[in-house]
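So the sequence shown is numbered by the UniProt record's numbering: it starts at 1 and just counts up by one.
Ideal Cβ placement from N, Cα and C applies to all residues, glycine included.
Small disclaimer: the values here were computed from a predicted structure and weren't measured.
A short worksheet on the structure shown next.
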Amino acid sequence: MSYPHLQTILEVYPQCSTHCYGYAPSKHRRCKLPTRQANRNKASHLLEHGTHLLQRGSSVDNLLSELAPLLLCSRLHKNQVDRLVSVWRAKLQAFEEQRLQCVLVAVLKSLREYADSRASELAEQRVEGAGLRPARPAGVGTAEEEEEEEEGGGDREEAEPEPSSVRTSTEASAPAVPRAVEEPTVPRSERRTITRKPIEGDCEICMCPLREGDSEASDDEDDNDVSDTAPDNEDDGPEEDDDDLVYCKNQCGSNYHKACIDEWLATQTTFREPRGNPICPSCPTCRAVWSS
C-alpha cells in the first residue's frame, strides 16, 4: 500500500500558507506572522523527501525536528519546536493505526472468501462421492464373496514355500558377532520438541473448522450406516490428508490452515517497526517466532 504525501498527513502546506505554524495562547489561535520564503521552499523539499522515506518504510523523526523551525516565526514561536514535532508525530501514529486496520480488514476478508470457497468445494466433493457409492441391500453377493475368500485362502496355503535347507545351514555356520561391536552406542544430543495440539475445533485465523468433518457430524453418521453393509475391504481407508494444516513448532503447537498462515505471514512482512526494521513473522496465538 502506497503512502500519501507527507504534507497531506501532517496538514502542512508551506507553499500555500505563509503564516507561522506556532500557537498564540493569548489569542487562542494559530500565529499570523509570516515566515521566510526561503524557509518555506526548504520545508517543501523536506516534505517531498519525507514522503519517499515513508514509502521505503524508514523513520522520519529526524526530518520532523529539522522541519519544525522552518515553519515557525523567529520573533515569537521558535520555542515551540518540540510542541509542533509532538503534534506531527501524533498525526503520523494515527495514520499508521488507520492504515494497519485497513490492511487487517482486507486480509480477514480475503481469508473469509477463501474459507467459503473451500467449504463449497468440499461440499460438492461430498455430494459427488455419495453419488458414486450407492448403498446396496445387506446379503447381496455374500455367497460369491465367501467362495472367493475360500479360493484365495487355498491358493495362499499351497503357495507357502518350505524352509530352505541351504539357508539353515548357512545361518548355522555364520559366526556370532558381539552386539557391542555390531551396534556401537552413539550419544545423541537432546533437542526440544513441541507437542502438536489435537486437530479439532476452529482455525484461530479464519475461525472456520480445521477439518471439514468436524462440522458435518450428521453426514459422518450416515456414511457409517452405509459402510456396515459394504464389504470388509472398504471399512479401512487412508486417513485424511493433513497437508493443508500446519502448526506452531516453536512454542504453543496450535493448528492453522496452511493457506491462512501463509496469508498471515505474507501480511506481516509488510509491517515495519518505528525505526524502519521489518517485523519478524510470528505465531498468531503465542507471538513466538514462526517455525513451520
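Check	Outcome
Between the CA atoms of Ile279 and Arg272 - distance to the nearest angstrom	6 Å
Contacting residues, own chain, Cβ-Cβ under 8 Å from Ser291 (five flanking each side not counted)	Cys248, Lys249, Asn250
Terminal residues of the alpha helix (DSSP H) in which His5 lies	Premise fails: His5 is in no alpha helix (DSSP H) and is neither H nor E.
Three-way DSSP call (helix, strand, coil) for Pro69 in this model	helix
Per-residue DSSP class, three states only, for Arg56	coil
Reference Tyr114, options Gly50, Pro198, Pro284, Met207, closest by Cα	Met207
Nearest candidate by alpha-carbon position, reference Pro14, set Arg211, His45, Thr51, Ser26	His45
Leu245 - containing alpha helix (DSSP H), residue span	No alpha helix (DSSP H) contains Leu245, which is instead part of the beta strand (DSSP E) from 245 to 247.
Within 7 Å, strictly: CB atoms of Leu92 and Ala68	no
Beta-carbon proximity list for Leu71, same chain, < 8 Å, skipping 5 on both sides	Val12, Pro14, Cys20, Tyr21, Thr35, Asn39, Arg40, Ala43, Leu84
Straight-line gap, Ser254 to Cys16 (C-alpha atoms, nearest Å)	55 Å
Distance between beta carbons of Ile194 and Cys260, contact taken as under 8 Å	Between Ile194 and Cys260 the Cβ distance is about 19 Å, and since that is not below 8 Å, they are no contact.
Span separating the alpha-carbon of Arg287 from that of Ser65	34 Å
Cys102 burial status per 10 Å Cβ neighbour count (16 or more: buried)	exposed
Simplified DSSP assignment, three categories, for Asn250	coil
Spatially closest choice to Ser74 from Ala130, Arg89, Ser282, Leu33, by CA coordinates	Leu33
Straight-line gap, Arg179 to Cys252 (C-alpha atoms, nearest Å)	Any answer about Arg179 is weak, because its pLDDT of 49 lies below 50 and its placement is not dependable; what the coordinates show is given next. Distance between the alpha carbons of Arg179 and Cys252: 41 Å.
Rounded separation between Asp243 and Lys258 - CA only	8 Å
Proximal residues to Leu10 (C-beta, below 7 Å), its chain only, five neighbours per side dropped	Trp88, Lys91
In DSSP terms, what Ser282 is bridged to	Val289
Same chain only: Cβ atoms within 8 Å of Pro209, ignoring 5 sequence neighbours per side	Gly201, Asp202, Cys203, Ser215
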